[in-house]
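Take a look at the structure set out below.
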Amino acid sequence: MGAIPEKFLFLTTEDGSPSLRLARDAGAVSEAMHSLRGAFSETDYIYGSALREALQGGLPPSVLSLGLGLGYNEILSAALFSAAGVANEARVESFESEDELRARFASWIRGEREAVPLEFNRAYDDILARAAGGAGLEASAVLETLRQWLATGRLDLRGPLGPDTAFACRFSCFLFDAFSSKTTPELWREDFLAGFLDRAALPRAVFSTYACTGALKRALRARGFTLRIREGFASKRDSTFAVR
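Numbered according to our numbering, the sequence shown spans residues -16 to 227.
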């Protein structure tokens, strides 16, 4: 097994599911990628609800996921779309600025476990088991969906999202899981969000995020979304769920 780079710091959240912190230059440690009260529980509450809303509304199974991390949203998408019988129609574009996270996730999907550090393999396996179990499927079936997606380009693991990013299609479901506006302010500016939605969103779409900022709400309203301000997960005050 390869050694884990020191910048990836694993932690176990209160529901037993894994999360990461990134140790950056000069020894600074980033915010955790998920709520410490439960990484999988938060993912299912914030992003699983958006995927289910899109499925129930008969929207095309096209997902834009921002913030790959440990692949929570991608694995959950594969589980829910497989259970709904629409996996073969799906398209998932996933954005992540950390090259190593994209590479490790792709290697795990392809079954190249020897190329993936042990802690990452364990984390992916844990998330897969939780997502598959919640959808009433075997883990192997969900992993096979991910393998088919990756092999056919239905799952596209992309680099950083920016104002000039071009998209292969427009999307019905947005899982916006970027780091906070303190860490990645460029992704939370109103002008960026407005342009992003103009370029990427289908006429009918669902948008969900753990955050609830003024700039985000203004951008969504200006683009015709109806906001549903939900209680945030665990200790967070509010989260944003929007439909158009």
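Just so it is clear, CB atoms sit at the ideal spot from N, CA and C, and this is done for glycine as well.
Cα-Cα separation, residue i to residue j
{"i": "ILE92", "j": "LEU5", "result": "22 Å"}
{"i": "TYR107", "j": "ALA122", "result": "11 Å"}
{"i": "GLY145", "j": "LEU170", "result": "8 Å"}
{"i": "LEU47", "j": "ASP181", "result": "14 Å"}
{"i": "LEU126", "j": "PRO100", "result": "18 Å"}
{"i": "ALA22", "j": "THR192", "result": "14 Å"}
{"i": "ASP139", "j": "ALA89", "result": "10 Å"}
{"i": "LYS(-10)", "j": "SER80", "result": "14 Å"}
{"i": "ARG35", "j": "GLU214", "result": "18 Å"}
{"i": "CYS195", "j": "GLU25", "result": "15 Å"}
{"i": "GLY(-15)", "j": "GLU83", "result": "A caution first: GLY(-15) carries a pLDDT of 47, below 50, which makes its placement in the model unreliable, though a value can still be read off. The alpha-carbon atoms of GLY(-15) and GLU83 are separated by roughly 12 Å."}
{"i": "ALA62", "j": "LEU49", "result": "18 Å"}
{"i": "ILE(-13)", "j": "ALA98", "result": "Because the pLDDT at ILE(-13) is just 46, under 50, the model does not fix this residue reliably, and the value given afterwards should be weighed accordingly. Those two C-alpha atoms are separated by around 11 Å."}
{"i": "ASP221", "j": "PRO168", "result": "19 Å"}
{"i": "GLN39", "j": "ALA67", "result": "10 Å"}
{"i": "GLY197", "j": "ARG172", "result": "10 Å"}
{"i": "GLU102", "j": "SER45", "result": "30 Å"}
{"i": "ALA134", "j": "ASN104", "result": "20 Å"}
{"i": "ASN71", "j": "GLY178", "result": "30 Å"}
{"i": "ARG187", "j": "TRP132", "result": "24 Å"}
{"i": "ILE212", "j": "LEU59", "result": "23 Å"}
Residue i, buried or exposed, once every other Cβ within 10 Å from all chains shown has been counted against 16
{"i": "THR166", "result": "exposed"}
{"i": "GLY116", "result": "exposed"}
{"i": "ARG137", "result": "buried"}
{"i": "ARG201", "result": "exposed"}
{"i": "CYS156", "result": "buried"}
{"i": "LEU247", "result": "Shown here, the chain extends from -16 to 227; a query on residue 247 therefore has no answer."}
{"i": "GLY160", "result": "In the sequence on display, residue 160 carries Asp and not Gly. When all chains shown are included, ASP160 counts as buried."}
{"i": "ALA205", "result": "exposed"}
{"i": "THR223", "result": "buried"}
{"i": "ASP27", "result": "buried"}
{"i": "LEU(-6)", "result": "exposed"}
{"i": "ALA37", "result": "buried"}
{"i": "ALA73", "result": "buried"}
{"i": "ALA184", "result": "buried"}
Supposed contact pair residue j and residue i - C-beta distance, whole angstroms, cut 8 Å
{"i": "VAL75", "j": "GLU57", "result": "6 Å"}
{"i": "ARG85", "j": "LEU51", "result": "6 Å"}
{"i": "PHE78", "j": "ARG153", "result": "Actually they are not in contact, since the Cβ atoms of PHE78 and ARG153 sit about 15 Å apart, beyond 8 Å."}
{"i": "ALA16", "j": "SER32", "result": "First, the amino acid is wrong: residue 16 is Met here, not Ala. With 8 Å as the limit, MET16 and SER32 do not qualify as a contact, their Cβ atoms being about 19 Å apart."}
{"i": "SER0", "j": "ARG87", "result": "That belief does not hold up - the Cβ atoms of SER0 and ARG87 are roughly 17 Å apart, past 8 Å."}
{"i": "LEU199", "j": "TYR30", "result": "About 16 Å separates the two Cβ atoms, so there is no contact after all."}
{"i": "GLY54", "j": "ILE110", "result": "7 Å"}
{"i": "PHE162", "j": "GLU14", "result": "6 Å"}
Beta-carbon proximity list for residue i, same chain, < 8 Å, skipping 5 on both sides
{"i": "ASP147", "result": "none"}
{"i": "ARG20", "result": "THR(-4), GLU(-3), ASP(-2), PHE216, ALA217, SER218"}
{"i": "SER65", "result": "ALA118, LEU120, ALA124, VAL125, THR128"}
{"i": "ARG130", "result": "ILE92, ARG93, GLY94"}
{"i": "LEU(-8)", "result": "LEU3, ARG4, LEU5, ALA6, VAL12"}
Own chain residues within Cβ distance below 7 Å of residue i, not counting five before or after
{"i": "PRO203", "result": "The displayed chain sequence assigns Leu, not Pro, to residue 203. For LEU203, where only same-chain residues beyond five positions count, the Cβ hits under 7 Å are PHE190, LEU210, ALA225."}
{"i": "PHE208", "result": "PHE190, ALA225, VAL226, ARG227"}
{"i": "SER164", "result": "TRP171, THR196"}
Other residues of its chain near residue i: CB distance less than 6 Å, five sequence neighbours each side excluded
{"i": "PHE43", "result": "The sequence shown places Pro at residue 43, not Phe. Closer than 6 Å at the Cβ level, and outside the excluded window around PRO43, lie SER155."}
{"i": "PRO143", "result": "SER80"}
{"i": "SER18", "result": "GLU25, PHE216, ALA217"}
Heavy atom of the ligand FAD within 6 Å of residue i beta-carbon
{"i": "LEU(-6)", "result": "The ligand FAD is absent from the structure shown, which contains no ligands of any kind."}
Just to confirm the assignment: which complete beta strand (DSSP E) runs, minimum length 3, are found wholly within the stretch 52 to 98?
74 to 78
Every unbroken alpha helix (DSSP H) within the stretch 132 to 179, with a cutoff of 4 residues, ordered by chain:
none
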